[in-house]
């Protein structure tokens with residue numbers, strides 16, 4: 011009983027989605043698709059890059075704590091001096107005082123100070139090892155950079171917007187693929203229904219031929235011909251079912267969730283109406299080209315900033331001692347200052363880079379114009395192709411109706427002995443041929459409609 015209960019709990023984990031509607035699939039796509047998730051992570055990284063560039067305007071504060079120990083003469087004297095503990099004794103004045111009589115005239119040891127000047131003080135040259143703890147806070151602030159930091163901030167924000175457009179473009183592609191999968195499945199369902207009806211007709215014909223063979227009105231070759239045609243149609247039916255299974259697998263991949271069945275949609279997607287203003291205002295390629303033009307202008311401003319000076323301020327506050335945290339305020343120190351830097355000559359590099367940025371701006375202007383005209387041309391081309399496919403679908407639909415009537419007519423003729431089995435099967439092959447053409451035309455028409463919706467950035 012316990013195992014049975016566990017099995018019941020586990021079953022829903024492996025069950026796929028049933029009778030899924032297109033709108034439900036599009037909502038699941040937006041939240042579940044792995045490629046979209048990855049693209050949104052890229053967006054977040056660009057957002058953090060923008061924040062990092064903005065943060066450069068507020069300077070940099072560093073806190074540091076170092077602990078040292080040395081018996082190096084220079085280090086030990088420097089440690090004492092930084093700790094405000096240096097004394098005359100550190101210079102060896104005890105030895106200096108003991109030899110003062112060498113510079114005193116009339117003294118028994120008087121030598122004119124020669125021995126005093128040649129004395130190497132032990133306290134200065136051979137000090138005892140000393141600990142040194144330095145606590146320091148340093149702050150650096152850019153006051154003026156010629157506009158570079160401002161432009162870098164604008165550039166990173168523009169790159170963040172560009173990454174959002176990339177996500178929207180990917181989203182449109184996934185919507186295109188999801189819609190196409192739904193309509194492909196619906197087309198295949200209708201195709202399978204038609205093939206099943208054709209198989210039913212062939213079985214009826216096979217039964218009729220068998221009966222006529224028994225009565226002596228048909229030959230065995232007629233039955234074999236019907237059976238061969240039946241095997242061919244059965245193969246087509248099996249292939250259609252495999253294609254339907256593949257379409258479900260692809261849809262499951264898009265939604266990152268198993269899909270067992272969908273609610274059929276009309277196998278003819280609605281024709282969209284597109285205005286020129288909508289194309290220019292919504293198309294993602296055009297929006298990205300506009301943003302690229304703005305970025306190229308920002309790049310010019312960055313290169314111009316190389317001709318301007320930079321000004322920065324810095325401040326430092328700390329304390330040092332041979333014991334950590336001892337007498338911090340009494341031994342503290344500070345340093346403040348400003349620095350101006352201005353490059354006046356670098357061999358013409360700045361001039362070349364500025365001209366390069368200006369040429370790139372002209373290039374992006376033409377790229378924007380090309381994007382606008384190219385997208386509009388693509389829309390007109392798709393609209394023309396869709397109208398052509400509409401005509402094909404209308405024509406093939408009528409031809410299919412006619413082919414079915416012809417097949418029924420020749421089937422009746424065969425029963426009356428007026429037509430041969432080959433004539434009947436030829437008419438049925440013609441029906442199959444037109445059915446395939448109709449399916450292909452509908453599929454191509456739907457693909458172009460979804461592509462058109464993607465170009466004008468329509469989500470639904």
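Numbering (the numbering used here), first residue to last: 11 to 470. We put the beta carbon where it would ideally sit given N, CA and C, even for glycine.
Per the DSSP calculation, residue 181 is bridged to which residue(s)?
Here residue 181 refers to the residue found at position 171 when the chain shown is read from its first residue. Answer is none; residue 181 lacks a bridge partner.
Here's the rule I'm using: 16 or more other beta-carbon atoms within 10 Å means buried, otherwise exposed. How should residue 137 be labelled?
Here residue 137 corresponds to residue number 127 of the chain shown, with the count starting at 1. Flag for residue 137 reads buried.
On the three-state DSSP scale, how would you describe residue 327?
By 1-based counting over the chain shown, the position of residue 327 is 317. Correct three-state label for residue 327: strand.
Please return the same chain residues whose Cβ sits closer than 7 Å to the Cβ of residue 235, not counting the five positions on each side in sequence.
One-based indexing of the chain shown puts residue 235 at position 225. Excluding sequence neighbours, residue 235 sits near 431, 432 and 435.
Would the beta-carbon of residue 308 fall within 8 Å of that of residue 164?
Within the chain shown, the letter at position 298 stands for residue 308. Within the chain shown, the letter at position 154 stands for residue 164. Yes, they are a contact pair.
Name the two residues that bound the continuous beta strand (DSSP E) containing residue 71.
Here residue 71 refers to the residue found at position 61 of the chain shown. 70-80 is the extent of the beta strand (DSSP E) around residue 71.
Rounded to whole angstroms, what's the CA-CA distance from residue 150 to residue 327? Just pull it up for me.
To locate residue 150, count along the chain shown from 1; it is residue 140. To locate residue 327, count along the chain shown from 1; it is residue 317. When rounded, the distance between both Cα atoms is 12 Å.
Might you give, ordered along the chain, the residues of its own chain that have their beta carbon closer than 6 Å to the beta carbon of residue 78, omitting 5 neighbours on each side?
By one-based count along the chain shown, residue 78 stands at place 68. Cβ within range, chain order: 142.
Kindly indicate which residue of 96, 69, 285 and 158 has the alpha-carbon position closest to the one of residue 314.
Within the chain shown, the letter at position 304 stands for residue 314. Nearest option by C-alpha distance: 158.
DSSP puts residue 349 in a beta bridge; with which residues?
The residue you call residue 349 lines up with position 339 of the chain shown. 322.
Who pairs with residue 343 in a beta bridge, going by DSSP?
Locating residue 343 in the chain shown gives position 333, counting from the first residue. According to DSSP, which records beta bridges pairwise, residue 343 is partnered with 328.
Give every residue of the same chain whose Cβ lies closer than 6 Å to the Cβ of residue 352, excluding the five residues on either side of it in the sequence, and list them in chain order.
Taking the first residue of the chain shown as position 1, residue 352 is located at position 342. Closer than 6 Å at the Cβ level, and outside the excluded window around residue 352, lie 319.
With distances taken Cα to Cα, identify the nearest neighbour of residue 71 among 349, 147, 222 and 370.
Position 61 of the chain shown holds residue 71. When only C-alpha atoms are compared, the closest one is 147.
Quick one, which of 332, 193, 227 and 266 has its alpha-carbon nearest residue 450's?
Within the chain shown, numbered from 1, the residue matching residue 450 stands at position 440. The shortest Cα separation from residue 450 among 332, 193, 227 and 266 belongs to 193.
Buried versus exposed, by CB contacts within 10 Å (16 or more), residue 422
In the chain shown, the residue the question calls residue 422 occupies position 412. The residue is exposed, with fewer than 16 neighbouring Cβ atoms inside 10 Å.
For residue 155, count neighbouring C-beta atoms within 10 Å of its own C-beta (all shown protein chains included) and say buried if the count is 16 or more, exposed if not.
Here residue 155 corresponds to residue number 145 of the chain shown, with the count starting at 1. Buried, because 16 or more other Cβ atoms sit within 10 Å of the Cβ of residue 155.
Status (buried if at least 16 other CB within 10 Å, exposed otherwise) for residue 12:
As a position in the chain shown, residue 12 is number 2, starting the count at 1. The pLDDT assigned to residue 12 is 46, lower than 50, so where the model puts this residue is not dependable; a value taken from the coordinates is nonetheless given after this. By the 10 Å Cβ count, residue 12 comes out exposed.
Span of the alpha helix (DSSP H) holding residue 149?
For the purposes of this step, residue 149 is taken as residue 139 along the chain shown, with counting starting at 1. Element bounds for residue 149: not the alpha helix (DSSP H) but the beta strand (DSSP E), 140-154.
Can you give me the start and stop residues for the alpha helix (DSSP H) that residue 309 sits inside?
What you label residue 309 is simply residue 299 of the chain shown in a count that begins at 1. Looking at the DSSP string, the run of the alpha helix (DSSP H) that includes residue 309 is 294-314.
For residue 367, I'd like the list of residues in its chain whose CB is within less than 6 Å of its CB, leaving aside the five on either flank, ordered along the chain.
Here residue 367 refers to the residue found at position 357 of the chain shown. Counting only Cβ-Cβ distances below 6 Å, and skipping sequence neighbours, we find 309, 310 and 313.
Could you say if the segment 180-193 and the segment 457-469 meet the contact criterion of at least three C-beta pairs nearer than 8 Å?
yes
Measuring CB atoms only, is the segment 351-365 touching the segment 287-302, in the sense that at least three cross pairs come out at less than 8 Å?
no
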